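Asks:
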Amino acid sequence: MNITLSADQEVIAKSRQYAKAHNTTLNNMIREFLKDISGECDNLANSDEFVRLAKTMSGRSDSTFKFDREEIHDRS
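Heads up: the sequence shown at position 22 corresponds to 21 in numbering that gives the first Met the number 0, and the numbers run straight through without jumps.
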């Protein structure tokens with residue numbers, strides 16, 4: 000479903016800059032916010048999963064590793 004929002008141009012511009020700095024889009028930030036406030040996002044389950052993964056995964060901390068924006072957002 001699509002929705003239309005209106006906001007001050009300066010607010011939108013600053014929000015887009017914030018989103019870009021955090022490697023996401025304004026659309027995705029709004030979508031995630033709506034999930035959070037609607038209860039669709041189970042924060043407790045997500046935090047439990049994070050703790051489980053942090054304890055069981057070895058991680059990767061070498062300084063030469065760089066995230067690839069396309070790889071991060073690949074949902075296939």
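Idealized CB from N, CA, C, for every residue including glycine. Please read all numbers here as calculations on a predicted model, not as lab measurements.
Please give the ranges of any alpha helix (DSSP H) in the stretch 11-42, keeping only runs that are unbroken, at least 4 residues long and fully inside the region.
Replies: Listed in chain order, the complete alpha helix (DSSP H) runs (minimum 4 residues) inside the stretch 11-42 are 25-37.
Asks: Let's see if you can read the secondary structure: which residues bound the alpha helix (DSSP H) around I71?
Replies: As a working note, residue 71 is residue 72 in the sequence shown. First-last of the alpha helix (DSSP H) with I71: R68 to I71.
Asks: With DSSP collapsed to three states, give me the class of L4.
Replies: In the sequence shown, residue 4 corresponds to position 5, counting from 1. It is coil, neither helix nor strand.
Asks: Have a look at R15 and M28 and give me their C-alpha separation to the nearest angstrom.
Replies: Looking up residue 15 in the sequence shown gives position 16. Looking up residue 28 in the sequence shown gives position 29. Roughly 10 Å between the two C-alpha positions.
Asks: Please report the straight-line C-alpha distance between A6 and Y17, rounded to a whole angstrom.
Replies: To locate residue 6, count along the sequence shown from 1; it is residue 7. To locate residue 17, count along the sequence shown from 1; it is residue 18. Going by the C-alpha atoms only, they are around 16 Å apart.
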